[in-house]
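Note that the protein sequences, when read in sequence, are chains A and B. If you read the first sequence in this note's numbering, its first letter stands for residue 1, the second for the next number, and so on. If you read the second sequence in this note's numbering, its first letter stands for residue 1, the second for the next number, and so on.
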Amino acid sequence: MIVIAHFIAITCYVAAAALAALPFARRVEAPVNGVIAVLAAGLIAHGFALATLMRESGSGSLTGLGPALSFAGFVLAGALFLVEVFAREVSLTLIAAPVAALITTAGNVTGMHPFLDPRGTQAFWLVSHIVLSFVGMAAYGTAAAAGTMYLIARRELKSARFGPIYRFFPPLDTLDRVNHFATVAGFLGLTSGLALAGAYSIAYRTLVVPQLVWGLAAWVCIGSLALGRLLRGWQARRAAIISAVTFASVIAVFVVFRVVQFNRGQFL
Amino acid sequence: MSLVVAGVNHRTAPIAIREKLCFGKPDARSALGLLRESGLVTEAVMLSTCNRTEIYMIDSSDDSVQLIRDIFSSRLGDEASTYMYVQRDREAVRHLFSVSAGIDSMILGEAQIQGQVRDAWEESREESGAALNRLFQTSLLVGSRVREETGIGRGAASVSSAAVQLSKKIFGSLAGRRAMVLGAGDVAAIALECLSKEGVRVSIVANRTFERAQVLAAEHQAVAMHYDECWENLHAVDILLCSTASPHPVVQCAHVAPALAMRGDRPLCILDIALPRDVDSSVGDMENVFLYDLDDLKAAASANLERRNEDIPAAEKIIAAEVEKYWQWLAGLAAVPVVMEFRSQMDRVRAEELASAMRRIGGLSAEQAEGIEHFSRALMNKFLHEPSVRLKAAAANGRGLGVVDAARYLFALERADSTPPEDKS
């Protein structure tokens with residue numbers, strides 16, 4: 001059941017991206033309601049899969065590489081859904097939905113086996129840390145996606161090319177706002193998630209070095225970006241470049257850690 | 001009966017001819033009155049815009065077109081038939097639907113024509129009847145449907161609207177954005193009007209001649225100044241519109257660089273609609289400057305027009321289906337007076353034959369006479385029911401006016417006025 005629900009969710013994410021890409025293939029407007037509905041269906045299926053996994057594993061834990069990646073995909077798709085519903089703008093789906101599908105697929109390929117099985121307060125603490133951290137990472141991903149789109153759209157506008165990107169992408173100002181909001185939200189989410197992780201490590205005397213290094217690296221990156229935007233007034237192009245480059249670096253570091261470390265069942 | 005459109009448009013007549021044949025409201029009313037009084041036309045609507053003057057009519061004689069030619073020629077002071085076109089029946093319906101959908105417009109898909117069609121119909125209501133009322137009502141629905149279901153009206157199609165669209169692609173909503181304009185000519189005024197409609201606040205009008213700047217500035221509650229004074233205010237505006245008559249570029253990197261330094265990362269959109277260009281092309285290479293000249297704006301507009309062109313087949317498909325629907329309705333409507341005349345003629349024959357029979361038989365009681373009268377009516381109704389139903393159905397289902405004409409001929413109903421009755425609704 002978990003695998004089937006995941007398969008439905010992945011299919012829906014890919015379908016949402018395909019629907020959002022329609023204006024590139026045919027001269028039509030993107031079906032905003034259609035994209036949102038398909039994405040919502042994917043989220044329902046994905047939520048069902050994760051709930052079933054938690055029920056079957058007998059705890060609230062989302063630990064383990066597979067469940068964690070699946071949850072990351074779920075949160076990213078959820079963040080995308082919220083942006084689309086409020087902005088009535090689906091071009092972000094082109095980047096974010098395939099990423100959500102890819103992460104979820106990776107989680108399923110790895111295997112949906114929880115790594116830890118904590119109970120009671122410990123489980124609640126751990127789940128809170130995971131949820132907040134992934135919300136932070138999803139927002140960071142959204143900021144990076146918006147930043148990447150900003151750079152592409154800006155190049156098209158600067159060079160006065162009036163092709164599909166000019167027609168379909170939202171205004172530069174909108175992309176900049178999404179980047180700004182997602183950066184701040186990501187920073188808050190990741191800060192809270194890491195604070196909970198720090199407290200958890202002290203309380204239960206557990207320390208996972210790769211997680212600590214990677215989490216801190218991600219936090220420093222998004223923290224610099226958020227502070228740059230809020231305090232130094234970074235706008236538009238600079239923020240777009242930094243968010244895209246740092247997010248890509250954070251993902252690259254994760255991949256490197258996954259390749260070199262031996263504890264295969266854990267997220268890191 | 002025939003549905004006819006006769007007129008001139010931007011394809012058949014140059015602007016010098018079209019402007020002479022442009023009818024104001026009183027002139028249009030009197031021309032339509034003339035047509036009605038001639039007895040050749042039973043309904044008429046005139047559509048007169050800067051791109052076309054057309055008369056749609058339901059005529060009962062071919063002479064009606066000649067009368068329109070005479071009206072046009074008299075207004076033109078010359079022979080107008082060289083510039084005129086005439087279309088009949090389905091083609092006339094198709095023509096109006098295409099006009100309303102913007103397919104026949106100079107700028108493909110432009111929306112203004114739909115309002116003009118509505119106004120023309122409203123203005124001519126006294127002279128129109130059921131057939132033209134339905135035709136114009138349907139044409140407005142067809143226009144809306146085409147615009148909703150195809151991309152024929154999407155995207156900016158003129159230089160001014162392309163300028164607005166490009167600015168929106170940078171800033172999103174333009175409400176509250178500030179603009180500065182260099183030059184105070186007519187072209188600048190038109191472009192500013194477009195930007196103002198989107199909520200852009202024109203804050204500075206700079207011109208070589210200060211007095212001209214003052215006039216345009218007063219219209220937009222802006223500050224007028226000379227070129228030399230305006231650069232220090234450039235940092236405060238988001239859009240710079242350039243439309244001077246200068247033979248050399250008036251905006252150089254040296255003018256823009258200090259403003260950019262003060263603006264931080266905020267983008268500056270420069271719309272150069274002057275010819276020769278007002279802005280040195282190297283300004284466009286500067287960070288956060290989005291520079292568009294006339295060619296760029298035309299390219300943006302023509303990209304949209306290309307897209308609109310691709311939607312013509314889809315629009316024509318909708319129009320073709322609606323033409324058939326309207327035509328079936330009209331043909332059904334044309335059958336009504338024929339059926340009425342047919343029944344009335346048969347009833348006259350029945351009454352005459354009945355009176356004659358009564359005279360021959362004689363000595364019938366009132367009750368018996370009434371019985372025979374009732375019998376004759378019932379018999380006639382039975383005989384006429386099926387032909388009446390079939391005539392209406394044949395006219396309405398596409399076999400059209402041919403069947404109606406055949407019935408007219410067979411039953412000697414040439415006198416029947418086939419013009420549809422007034423629309424009581």
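By construction, the Cβ of each residue, glycine as well, lies at the ideal position given by its N, Cα and C atoms.
Less than 8 Å between CB atoms is the rule here; does P267 of chain B satisfy it with respect to chain A?
Taking the second sequence and counting its residues from 1, one reaches residue 267 of chain B at position 267. Taking Cβ atoms only, chain A reaches closer than 8 Å to P267 of chain B, which makes this a yes.
Practice task
Measure from the alpha carbon of P276 of chain B to the alpha carbon of each residue in B:V251, B:G264, B:D405, B:L260, then state which is nearest.
Solution key: Counting from one through the second sequence, the residue named residue 276 of chain B turns up at place 276. Checking every option, the nearest Cα to that of P276 of chain B belongs to B:V251.
Exercise for the section: Please list the segments of the alpha helix (DSSP H) lying wholly inside the region 323-402 of chain B, counting only runs of 4 or more residues, in order along the chain. Expected result: 366-396
- Query: Does the region 142-155 of chain A touch the region 141-156 of chain B, meaning 3 or more C-beta pairs lie closer than 8 Å?
  - Reply: no
### Query
At what residues does the beta strand (DSSP E) containing A179 of chain B begin and finish?
If you number the second sequence from 1, residue 179 of chain B lands on position 179. Taken as a continuous stretch (DSSP letters only), the beta strand (DSSP E) holding A179 of chain B covers 178-182.
Opposite N233 of chain B in the DSSP bridges: which residues?
Mapped onto the second sequence, residue 233 of chain B falls at position 233. DSSP lists no partner for N233 of chain B.
Meets three-Cβ-pair contact criterion under 8 Å: the region 24-41 of chain B and the region 100-108 of chain B: no
By DSSP's criteria, Y292 of chain B is part of a beta bridge. Which residues make up the other side? The residue given as residue 292 of chain B occupies position 292 in the second sequence. B:L271.
Can you tell me where the beta strand (DSSP E) with M225 of chain B in it begins and where it stops? Working through the second sequence from its first residue, we reach residue 225 of chain B at position 225. Here the beta strand (DSSP E) through M225 of chain B covers 223-225.
- Determine which residues of the region 227-253 of chain A have a Cβ less than 9 Å from any Cβ of chain B, and write them out in chain order. G233, W234, Q235, A236, R237, R238, A239
Where I364 of chain B falls, given that 16 or more other Cβ within 10 Å makes a residue buried:
If you number the second sequence from 1, residue 364 of chain B lands on position 364. The sequence as given places Leu at residue 364 of chain B; Ile does not occur at that position. With fewer than 16 other Cβ atoms within 10 Å, it is exposed.
Residue ranges of each alpha helix (DSSP H) within the region 159-242 of chain A, 4 or longer | 164-168, 172-204, 209-230
Query raised in the report: Using 8 Å as the limit for Cβ to Cβ distance, is F71 of chain A near chain B?
Result: What you label residue 71 of chain A is simply residue 71 of the first sequence in a count that begins at 1. Chain B, which has no Cβ nearer than 8 Å to the Cβ of F71 of chain A, makes this no.
### Message
Suppose contacts are defined by Cβ-Cβ distances below 8 Å. Is V404 of chain B in contact with V349 of chain B by that definition?
### Response
Reading the second sequence from its first residue, position 404 is the one you call residue 404 of chain B. Reading the second sequence from its first residue, position 349 is the one you call residue 349 of chain B. No.
inquiry  = I need the straight-line Cα distance from S91 of chain A to D78 of chain B, nearest angstrom please.
reply    = As a first step, residue 91 of chain A must be located in the first sequence, where it is residue number 91. As a first step, residue 78 of chain B must be located in the second sequence, where it is residue number 78. Roughly 58 Å separates the two Cα atoms.
With 7 Å as the C-beta to C-beta threshold (strictly closer), list the residues of the region 135-161 of chain A near chain B in chain order.
L157, K158, A160
In the DSSP assignment, find the unbroken alpha helix (DSSP H) run with M262 of chain B in it and report its ends.
Here residue 262 of chain B refers to the residue found at position 262 of the second sequence. That run of the alpha helix (DSSP H) goes 253-263.
Cβ-Cβ separation, R18 of chain B to N51 of chain B (assumed contact under 8 Å), whole Å = The count along the second sequence starts at 1 and reaches residue 51 of chain B at position 51. The count along the second sequence starts at 1 and reaches residue 18 of chain B at position 18. With a Cβ gap of about 7 Å, N51 of chain B and R18 of chain B count as contacting.
| Thinking C-alpha only, which one of A:I10, A:L80, A:A25 is nearest F48 of chain A? | Along the first sequence, one-based indexing puts residue 48 of chain A at 48. The shortest C-alpha separation from F48 of chain A is found at A:I10.
Rounded C-alpha distance that separates G109 of chain B from R308 of chain B:
Residue 109 of chain B sits at position 109 when you count from the first residue of the second sequence. Residue 308 of chain B sits at position 308 when you count from the first residue of the second sequence. Roughly 7 Å between the two C-alpha positions.
Pick out whichever of A:I44, A:V14, A:L157, A:L194 has its Cα sitting closest to the Cα of S128 of chain A.
As a position in the first sequence, residue 128 of chain A is number 128, starting the count at 1. Among A:I44, A:V14, A:L157, A:L194, the Cα nearest to that of S128 of chain A is on A:L194.
N-terminal and C-terminal residue of the alpha helix (DSSP H) that N51 of chain B is part of | Along the second sequence, one-based indexing puts residue 51 of chain B at 51. Here N51 of chain B belongs to no alpha helix (DSSP H), and DSSP marks it neither H nor E.
_Helix, strand or coil for L132 of chain A? Go by DSSP, reduced to three states._
Within the first sequence, residue 132 of chain A is the residue found at index 132, counting from 1. Residue state, collapsed to three classes: helix.
_I'd like the list of long-range same chain contacts for H235 of chain B, defined as Cβ closer than 7 Å, with 5 residues on each side in sequence excluded._
Residue mapping note: residue 235 of chain B aligns to position 235 of the second sequence, counting from 1. Only A259, M262, R263 meet the Cβ criterion.
Specify whether the region 130-143 of chain B and the region 202-222 of chain B touch according to this definition: at least 3 beta carbon pairs, one from each stretch, less than 8 Å apart. no
field: Cβ shell of I170 of chain B (< 8 Å), same chain only, five flanking positions each side left out
entry: Indexing the second sequence from 1 puts residue 170 of chain B at position 170. If we look at I170 of chain B and ignore the five residues flanking it on each side, its Cβ neighbours are P267, C269, F290.
Practice prompt. Decide if Q66 of chain B is buried, meaning its Cβ has at least 16 other Cβ atoms within 10 Å, or exposed.
Written response: As a first step, residue 66 of chain B is located in the second sequence; it is residue number 66 there, counting from the start. The residue in question, Q66 of chain B, is exposed, as its Cβ has fewer than 16 Cβ neighbours within 10 Å.
Classify A320 of chain B: buried if its beta carbon has 16 or more other beta carbons within 10 angstroms, exposed otherwise.
As a position in the second sequence, residue 320 of chain B is number 320, starting the count at 1. Exposed, because fewer than 16 other Cβ atoms sit within 10 Å of the Cβ of A320 of chain B.
- Ignoring anything shorter than 4 residues or poking outside the region 54-82 of chain B, list the alpha helix (DSSP H) runs there in chain order. 63-76
query: Listing by chain order, which chain B residues have their CB less than 9 Å from the CB of P171 of chain A?
result: As a working mapping, residue 171 of chain A is identified with position 171 in the first sequence. Those are K168, K169, I170, F171, G172, S173, listed as they occur along chain B.
| said: So, for I71 of chain B: in the same chain, excluding its five sequence neighbours on each side, which residues have a beta-carbon less than 6 Å away from its beta-carbon? | reply: For the purposes of this step, residue 71 of chain B is identified with residue 71 of the second sequence, where counting begins at 1. Taken in chain order, the residues that qualify are A31.
inquiry  = Against chain A, with Cβ distances strictly below 8 Å, would G176 of chain B count as a contact?
reply    = In the second sequence, counting from the first residue as 1, residue 176 of chain B sits at position 176. No, because no Cβ of chain A sits closer than 8 Å to the Cβ of G176 of chain B.
| message | Strictly by DSSP, which residues pair up with V4 of chain B? | response | The residue you call residue 4 of chain B lines up with position 4 of the second sequence. DSSP output for V4 of chain B lists B:M57, B:R88 as bridge partner(s).
Q.
On the DSSP letters alone, give me the boundaries of the alpha helix (DSSP H) that R18 of chain B sits inside.
A. In the second sequence, counting from the first residue as 1, residue 18 of chain B sits at position 18. Counting along the chain, the alpha helix (DSSP H) containing R18 of chain B begins and ends at 15-20.
- Report the rounded CA-to-CA distance for D228 of chain B versus A160 of chain A, giving the unit in angstroms. For the purposes of this step, residue 228 of chain B is identified with residue 228 of the second sequence, where counting begins at 1. For the purposes of this step, residue 160 of chain A is identified with residue 160 of the first sequence, where counting begins at 1. Roughly 29 Å separates the two Cα atoms.
- Task: Give a yes or no on whether 8 Å exceeds the smallest Cβ distance from G102 of chain B to chain A.
- Result: Within the second sequence, residue 102 of chain B is the residue found at index 102, counting from 1. Chain A, which has no Cβ nearer than 8 Å to the Cβ of G102 of chain B, makes this no.
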